[in-house]
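**Q** Using our numbering, read the sequence shown as starting at 10 and increasing by one per residue.
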Amino acid sequence: MGKQHFQSHIQNKNKWKGHSKTSDNVNNVEIGSFVHACEGEMLYASTHTKIPYFNAPIYLENNCLIGKIDEILGPINQVYFTVKPQEGIIATSFHTGDKVYIGSDKLLPLERFLSQPKPTILNKKHSMFRTGGRKNFSSFRKPKAGQRNFKRNH
Numbered sequence: 010m011g012k013q014h015f016q017s018h019i020q021n022k023n024k025w026k027g028h029s030k031t032s033d034n035v036n037n038v039e040i041g042s043f044v045h046a047c048e049g050e051m052l053y054a055s056t057h058t059k060i061p062y063f064n065a066p067i068y069l070e071n072n073c074l075i076g077k078i079d080e081i082l083g084p085i086n087q088v089y090f091t092v093k094p095q096e097g098i099i100a101t102s103f104h105t106g107d108k109v110y111i112g113s114d115k116l117l118p119l120e121r122f123l124s125q126p127k128p129t130i131l132n133k134k135h136s137m138f139r140t141g142g143r144k145n146f147s148s149f150r151k152p153k154a155g156q157r158n159f160k161r162n163h
């Protein structure tokens, strides 16, 4: 009884940890094409306009999990990323141009990485609430050595 209970407990635990070899996400989109293998990892050129999350799972067309995104490289208009393969996946077994897929919920919009100008409307509203006394701090300065402590009338 003890051994069976222990084995079923382990199976139930693994079911909830997400140890799935296939994608549960039906909204997978093409994210990149294989460039080459390097130091046991795979380098891909992004074919999507959005940027992938770090550690996002990467799948083949048949929804088989091959690894997770390790690094994101290159300029914003020519993105590359590396995939750290799952156990049992060999990086050199892929060919140039092989497509990989990612869950659509694991992508960030490009605008998130671009510097956006600050809205001028907020700056104008902020300056409207300032009082005149806050703008001039010269009357609160300590006099320098040898300087008199009163204002001159010009």
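By construction, the Cβ of each residue, glycine as well, lies at the ideal position given by its N, Cα and C atoms.
Is it true that the CB of G76 sits closer than 8 Å to the CB of T56?
**A** Going by C-beta atoms, T56 is not nearer than 8 Å to G76.
**Q** State yes or no: is the C-beta of T58 nearer than 7 Å to some heavy atom of the ligand MN?
**A** As for the ligand MN, it is missing from this structure, which has no ligand bound.
**Q** Alpha carbons only, please: which of K127, H45 and N36 is nearest the one belonging to V92?
**A** Checking every option, the nearest Cα to that of V92 belongs to H45.
**Q** Looking at C-alpha atoms only, which residue of T105, T58, A54 and N64 is the closest neighbour of L119?
**A** For the residues T105, T58, A54 and N64, the minimum Cα distance to L119 belongs to T58.
**Q** Taking only three categories from DSSP, how would you classify A46?
**A** In the structure shown, A46 sits in a strand (DSSP, three-state: E or B).
**Q** Nearest-angstrom Cα distance between K115 and E80?
**A** C-alpha separation (whole angstroms): 14 Å.
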